[in-house]
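**Q** In UniProt numbering, the protein residues as written are 1 to 368.
Beta carbons: idealized from backbone N, C-alpha and C, even for Gly.
The structure displayed is predicted, hence computed values, not measured ones.
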Amino acid sequence: MTTDTPITTEDERFMRLALALGRRGLGNTWPNPAVGAVVVKDGVVLGRGWTQPGGRPHAETEALRRAKRSARGATLYVTLEPCSHEGKTPPCADAVIQAGIKRVVSALEDPNPEVAGQGYAKLRESGIQVDTGLLADEARLAHAGHIAKITQARPHVLLKMALSSDDKVGYAGNKRAFITGDEAQARVHMMRAMSDAVLTGIGTVLADNPQLTCRLPGMFERSPIRVVLDAKLQTPLSLGVLSTVRETPTWIFCATSASEVAEDILVHKGAKVFRVPETDGKLDLGEVLKALAGEGITRLMVEAGPRVAASFVGAGLVDEVALLRSPKPLGEGLDALADMPLSALTEGMREGDTEQVGPDTLTWYEKA
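#1: Which whole-angstrom value describes the C-beta separation of residue 301 and residue 198, a residue pair presumed to lie in contact below a C-beta threshold of 8 Å?
#2: Going straight from the alpha carbon of residue 344 to that of residue 120, what length do you get?
#3: Give the DSSP-derived three-state secondary structure of residue 161 in the structure shown.
#4: Starting from the Cα of residue 317, find the closest Cα among 348, 35 and 334 and give me that residue.
#5: Closer than 8 Å is the cut-off here; do at least three beta carbon pairs connect the region 235-245 with the region 66-77?
#6: Under a Cβ-count criterion, where at least 16 other Cβ atoms within 10 Å of its own Cβ denotes burial, should residue 118 be classed as buried or exposed?
#7: Between residue 332 and residue 352, is the Cβ-Cβ spacing less than 9 Å?
#8: Would DSSP call residue 350 helix, strand or coil?
#9: Could you have a look at residue 191 and say whether DSSP puts it in helix, strand or coil?
#10: For my contact list, residue 312 and residue 159 are in at a C-beta cut-off of 8 Å; report their separation, rounded to the angstrom.
#11: Roughly how many angstroms lie between the CA atoms of residue 219 and residue 126, to the nearest whole one?
#12: If we require 3 or more residues per run, which beta strand (DSSP E) segments fall completely within the region 36-76?
#13: Determine which residues share a DSSP beta bridge with residue 170 and list them.
#14: Taking residue 72 as the reference, give the member of 143, 89, 96 and 355 with the closest Cα.
#15: For residue 323, which beta-bridge partners are listed by DSSP?
#16: Pull the bridge partners of residue 274 from the DSSP assignment, please.
#17: Whose C-alpha, out of 192, 269, 36 and 214, is nearest the C-alpha of residue 82?
#18: Can you tell me whether residue 200 is buried or exposed, with buried defined as 16 or more other CB within 10 angstroms of its CB?
#19: For residue 202, name the three-state secondary structure that DSSP assigns.
#20: Can at least three beta-carbon pairs, one atom from the region 323-337 and one from the region 165-173, be found at a separation below 8 Å?
#21: Among the residues of its own chain, which have a CB less than 8 Å from the CB of residue 299, if the five just before and after it don't count?
#22: Contact between the region 126-137 and the region 263-277 is defined here as three or more beta-carbon pairs at a separation below 8 Å; is this criterion met?
#23: Compare the Cα-Cα distances from residue 122 to each of 294, 320 and 94 and report the closest residue.
#24: May I ask you to report which of helix, strand or coil DSSP gives residue 154?
#25: Along the alpha helix (DSSP H) that carries residue 375, what are the first and last residues, could you check?
#26: Leaving aside the five residues before and after residue 334 along the sequence, list all residues of the same chain whose C-beta is less than 8 Å from its C-beta, in chain order.
#27: Candidates 264, 257, 263 and 226: which alpha carbon is nearest residue 247's?
#28: Should residue 99 be labelled buried (16 or more other beta-carbon atoms within 10 Å of its own) or exposed?
#29: Below 9 Å between beta carbons: does that hold for residue 107 and residue 136?
#30: Tell me the DSSP bridge mates of residue 279?
#31: Rounding to the nearest angstrom, what Cα-Cα distance links residue 109 and residue 58 in this structure?
#32: Can you tell me where the alpha helix (DSSP H) holding residue 118 begins and where it ends?
#33: With a threshold of 7 Å on Cβ separation, who are the neighbours of residue 15 within its own chain once the five nearest residues in sequence on each side are excluded?
#34: Taking the alpha helix (DSSP H) that residue 11 falls in, what are its first and last residues?
#35: Sort 55, 282 and 326 by Cα distance to residue 177 and report the nearest one.
#36: Mapping the DSSP letters down to three states, classify residue 264 as helix, strand or coil.
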């Protein structure tokens, strides 16, 4: 942590507020990060801001706009380094300087090479006191999607899995299993709302006909992009991911050899089709993620069956796991990971919080 003055408990309190504000934008600001910002003077919050839908306006300018002239001489708390380059909006660092901010407290340096410390330097050159690294670990998790996109050219991948007490994820065939309760289902819908995109495989589409939308009251517009891995372009036009494609976009990834006629039909329906190479008879997930990042996706939730889940785990592409467990057994059913032990799911992961969600439990794991 780099500071010019001692960090106080008040500084930490306002940074936590900025982090909470930033989380409001998760899943709704791509291709930009979901940043939070607070303008404070003499312990009083003068302005709050978070990145707006589509990534603009930025959090800093929103907070400064609300603070108006009172921002002069105030402190700005922000979860990510203010940008210093000309993009689709003017540099936030310039707005901070022009507002007369006296001190900036930032949680995390932006890994984007176009920023990468230059925002801090610009602020310091103008005489603003800059303290960095406050609650950096929390900010790193909040900005995991942005960091992955910049440093790995792929989205941050969250794998959601629901298990019965006997470690099953569903039945074979088209018989649908309802493993978790209503509270857990609502939580999954919130996870979708906080993701830029949600991915599943053609097997799950054919067996369960999922909507993959956020159906919490008043939050349908926060539904993520729906991504389907469908090597042979078999997705029926009547199923949920296509029947509602005008309201919630669906992107389908297929093999380079897939039928052009089938592609034309899907595109006419409203879907977007991507062709990627295959590896060992399966779509190359690395290429899928690369294409998603190229479209601006930063946070991807994988909500799929055992084969797709095992493919992500086996390729080392899972950054975070949300593991829901039901207290009820399923009996005869499918194992969580096709041809892999369940222990592989959390191998190399650090266990985080466990919480009760109705009758079920939710445990988080993060790549160590």
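**A** For this structure:
#1: With 8 Å as the limit, residue 301 and residue 198 qualify as a contact, their Cβ atoms being about 5 Å apart.
#2: So the alpha carbons of these two residues sit roughly 41 Å apart.
#3: Note: residue 161 maps to strand in three-state DSSP.
#4: Distances from the CA of residue 317 to each of 348, 35 and 334 were compared; the closest alpha carbon is that of 348.
#5: Contact check between the region 235-245 and the region 66-77: fewer than three CB pairs, one atom from each, fall below 8 Å, which does not count as touching.
#6: Counting every other CB atom within 10 Å of its CB across the protein chains shown gives residue 118 a total of 16 or more, marking it as buried.
#7: The Cβ atoms of residue 332 and residue 352 do not sit closer than 9 Å to each other.
#8: In the three-state reduction of the DSSP assignment, residue 350 falls in the strand class, which pools E and B.
#9: DSSP places residue 191 in helix when its eight states are reduced to three.
#10: Rounded to the nearest angstrom, the Cβ distance from residue 312 to residue 159 is 6 Å, consistent with a contact under 8 Å.
#11: Rounded to whole angstroms, the separation of the alpha carbons of residue 126 and residue 219 is 42 Å.
#12: Counting whole runs of 3 or more residues, the region 36-76 contains the beta strand (DSSP E) stretches 36-41 and 44-50.
#13: Per DSSP, 334.
#14: Residue 96 holds the alpha-carbon nearest to the alpha-carbon of residue 72 among 143, 89, 96 and 355.
#15: Residue 323 pairs with 161 and 363.
#16: Beta-bridge partners of residue 274 (DSSP): 253.
#17: Nearest C-alpha to residue 82: 36.
#18: Residue 200 should be labelled buried.
#19: Shown here, residue 202 sits in a helix according to DSSP, grouped into three states.
#20: Taking a cut-off of 8 Å for Cβ pairs, the region 323-337 and the region 165-173 touch, as three or more such pairs fall below it.
#21: Residues 26, 27, 30, 144, 145, 155, 156, 158, 194, 195, 196 and 197 of the same chain have their beta carbon placed closer than 8 Å to that of residue 299, with the five preceding and five following residues left out of the count.
#22: They do not touch, by the three-pair rule.
#23: Comparing Cα-Cα distances from residue 122 to each of 294, 320 and 94, the minimum goes to 94.
#24: Residue 154: coil per DSSP, three-state reduction.
#25: With the chain covering only 1 through 368, there is no way to say anything about residue 375.
#26: Short of 8 Å from the beta carbon of residue 334, and not among the five residues preceding or following it, lie these beta carbons of its own chain, in chain order: 168, 169, 170, 171, 172, 305 and 306.
#27: Among 264, 257, 263 and 226, the Cα nearest to that of residue 247 is on 226.
#28: Flag for residue 99 reads buried.
#29: Yes; because the gap between Cβ atoms is below 9 Å, this pair is in contact.
#30: Residue 279 has 282 as its beta-bridge partners, per DSSP.
#31: C-alpha separation (whole angstroms): 16 Å.
#32: 118-125 is the extent of the alpha helix (DSSP H) around residue 118.
#33: Setting aside the 5 residues that flank it on each side, residue 15 is surrounded in the same chain by 77, 105, 107, 134 and 135, each with a C-beta closer than 7 Å to its C-beta; the list follows chain order.
#34: 9-23 is the span of the alpha helix (DSSP H), which, as asked, contains residue 11.
#35: Residue 177 has its Cα closest to that of 326, out of 55, 282 and 326.
#36: Looking at residue 264 - three-state DSSP - the assignment turns out to be helix.
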